[in-house]
Each structure stands twice: as C-alpha cells, then as structure tokens.
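Colleague: Residue numbers (my numbering): 48 to 261. Every residue, glycine too, gets a C-beta built ideally from N, C-alpha and C. The structure that follows is given in the form of structure tokens.
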C-alpha cells in the first residue's frame, strides 16, 4: 500500500475514531482470511459482494482480486477522505480484471438500497462505537440483504474490548456492552467458524457466518 495512503488513513482515523475504530489499515493476512469464501468457491454463477467499512481499500483490493468476470463488488465507506484512496485502489484493480464490476458508495450502510441480495458481506464496522439501536439496524440490514446460504464475515481487533473496559467512561462502557450483546447473539446464531489472525498488525479476530435456510 502506498505510504501516502497509510499516512492519510492514520490522520483521518485519529480525527474520526467513531467511524474507523483502527489507526492502521488492515494487513494482507487479515484480508486473505476475509476472502476465505471467495477463494474456496466452485465455478458457477456470478456473485455479489458487499464490503461495509471499506476504508482506503486494503481489504477491498484482496477481495476484488478473488472475483471473476461477471461478479460485482459494492464497497461502502462514509469517510470521504478514505474514498479518494479507495477509488484509486479499485480503479487499479479493475484494470487487470475486465468484466468484473464494482460500485463505491459514500453513504451510511442503512441508506443503501441494493438491487439484489449479496452472496458475501464483509463488515469491519466498529460496533462498540455505535448505539444499541444503530447496531440493531445494521445487523438487520445484513440479514435482509444476504442471500439464502450466503456468508457474512465480521472482523475487528483483539483486546480492544478489554482496553475500552478500562479506559471508557461509565456511560460509554454501558453503551458498548449493549451493542456488543447484540453482536454476540448475532454471531452465536449464525457462526460457521472463528479465526484469530495473529500475523495482522494489530492482531485481529474474524467471525465467519452463514445465513441458513429454514
């Protein structure tokens, strides 16, 4: 990743930690794990992928590299500073992948109106920074727009929950706990496998989920 992208990410992250939740772009080991279901899929019909919290494109680049002609990626990022780098990243990736489509959405995910369900949703949103209601609405959106037997991969960074428990105000900690309970239940209901990515900086966790039918 270009140095200027990393510097811009850090500057913007420090200015808006609520929407970012990290001070470094995700590393390739984490991005590779998030592409698990794209790497393992058999040939078949085109797939639709949604990345929520795309940042400057560190994960997006790897996801896109695993797409095929006819596939489509929707990348959602609310931070306009990141979108500049994200646009550059995807334009470069698309040059080597004719027939693979993408759309960048500078919007709140809850305002998106997808034209069809997604086969994979990758989410790096920092739910600990959101209210209980915001978290519920976002998770409801995921369930509404994931295809039957579609996969969802949620990720974040190890030990951040413990750190915030020590440093957050009482009101902030209470809000975080309420949001986290929703996420924990969501993960428990749909979990396929959880992974820890120690080689990422910082080390990360990934919950791979699946929407079952019936």
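1. Going by beta carbon distance, what residues of the same chain come within less than 6 angstroms of residue 169, once the five residues before and after it are set aside?
2. Sort 176, 128, 76 and 251 by Cα distance to residue 110 and report the nearest one.
3. Kindly indicate which three-state DSSP category residue 200 falls into: helix, strand or coil?
4. Are the beta-carbon atoms of residue 152 and residue 180 separated by less than 9 angstroms?
5. For the beta strand (DSSP E) that contains residue 166, what are its first and last residues?
6. Need the endpoints of the beta strand (DSSP E) that residue 98 sits in, please.
7. Where residue 243 and residue 234 are concerned, what is the direct C-alpha to C-alpha distance, given to the nearest angstrom?
8. How should residue 154 be labelled, buried or exposed, when 16 other C-beta atoms within 10 angstroms of its C-beta is the threshold for buried?
9. Quick one: which unbroken beta strand (DSSP E) runs of 3-plus residues sit fully inside the region 104-153? Chain order, please.
10. Evaluate residue 84 with the Cβ neighbour count: other Cβ atoms within 10 Å of its Cβ, from every protein chain shown; 16 or more gives buried, anything less gives exposed.
11. If distances are taken between C-alpha atoms only, which option among 89, 105, 216 and 86 comes closest to residue 73?
12. Drop a sphere of 10 angstroms on the beta-carbon of residue 61, count the other beta-carbons inside from all chains shown, and report buried for 16 or more, exposed for fewer.
13. Is it right to say residue 87 is buried, meaning 16 or more other beta carbons lie within 10 angstroms of its own, or is it exposed?
14. Tell me the rounded alpha-carbon separation between residue 230 and residue 250.
15. Considering only their Cβ atoms, is the gap separating residue 197 from residue 257 smaller than 9 angstroms?
16. Under a Cβ-count criterion, where at least 16 other Cβ atoms within 10 Å of its own Cβ denotes burial, should residue 238 be classed as buried or exposed?
17. Taking all protein chains shown into account, do 16 or more other C-beta atoms lie within 10 angstroms of the C-beta of residue 157, making it buried, or fewer, making it exposed?
18. Could you tell me the distance, in whole angstroms, from the CA atom of residue 254 to the CA atom of residue 240?
19. Once you ignore the five residues that flank residue 246 on each side, which residues in its own chain have a CB closer than 8 angstroms to its CB?
Modeller: By the coordinates alone:
1. Taking the chain shown and counting its residues from 1, one reaches residue 169 at position 122. Answer for residue 169: 81, 98 and 200, listed in chain order.
2. Along the chain shown, one-based indexing puts residue 110 at 63. Taking only the C-alpha atoms, the option nearest residue 110 is 76.
3. If you number the chain shown from 1, residue 200 lands on position 153. Per DSSP, reduced to three states, the secondary structure at residue 200 is strand.
4. Here residue 152 is taken as the residue at index 105 of the chain shown, counted from 1. Here residue 180 is taken as the residue at index 133 of the chain shown, counted from 1. With a cutoff of 9 angstroms on beta-carbon distance, residue 152 and residue 180 are scored as not near each other.
5. Position 119 of the chain shown, counting from 1, holds the residue named residue 166. First-last of the beta strand (DSSP E) with residue 166: 165-170.
6. As a working mapping, residue 98 is identified with position 51 in the chain shown. Segment 95-99, the beta strand (DSSP E) holding residue 98.
7. Along the chain shown, one-based indexing puts residue 243 at 196. Along the chain shown, one-based indexing puts residue 234 at 187. If you take the alpha carbons of residue 243 and residue 234, they lie about 15 angstroms apart.
8. Walking along the chain shown from the start, residue 154 turns up at place 107. Flag for residue 154 reads exposed.
9. Taking 3 residues as the minimum length, the beta strand (DSSP E) runs contained wholly in the region 104-153 are 119-123 and 148-152, in order along the chain.
10. Stepping through the chain shown from its first residue, residue 84 is reached at position 37. Around the beta carbon of residue 84, 16 or more other beta carbons lie within 10 angstroms, which makes this residue buried.
11. On the chain shown, residue 73 is found 26 positions in, with the first residue counted as 1. Checked all of 89, 105, 216 and 86; the closest Cα to residue 73 is 105.
12. Position 14 of the chain shown, counting from 1, holds the residue named residue 61. Residue placement at residue 61 is poorly supported in this model, since its pLDDT is 42, which falls under 50; the coordinates still yield a value, given next. Under this definition residue 61 is an exposed residue.
13. Walking along the chain shown from the start, residue 87 turns up at place 40. By the 16-neighbour rule on beta-carbons within 10 angstroms, residue 87 is exposed.
14. Position 183 of the chain shown holds residue 230. Position 203 of the chain shown holds residue 250. Each residue's Cα considered, the two are about 20 angstroms apart.
15. Residue mapping note: residue 257 aligns to position 210 of the chain shown, counting from 1. Residue mapping note: residue 197 aligns to position 150 of the chain shown, counting from 1. Using a Cβ distance threshold of 9 angstroms, residue 257 and residue 197 count as a contacting pair.
16. Translated into positions along the chain shown, residue 238 becomes position 191. Counting of Cβ neighbours within 10 angstroms places residue 238 among the exposed residues, the total staying below 16.
17. Within the chain shown, the letter at position 110 stands for residue 157. By the 10 Å Cβ count, residue 157 comes out exposed.
18. For the purposes of this step, residue 254 is identified with residue 207 of the chain shown, where counting begins at 1. For the purposes of this step, residue 240 is identified with residue 193 of the chain shown, where counting begins at 1. When rounded, the distance between both Cα atoms is 6 angstroms.
19. Translated into positions along the chain shown, residue 246 becomes position 199. Cβ neighbours of residue 246 beyond the five flanking positions: 74 and 76.
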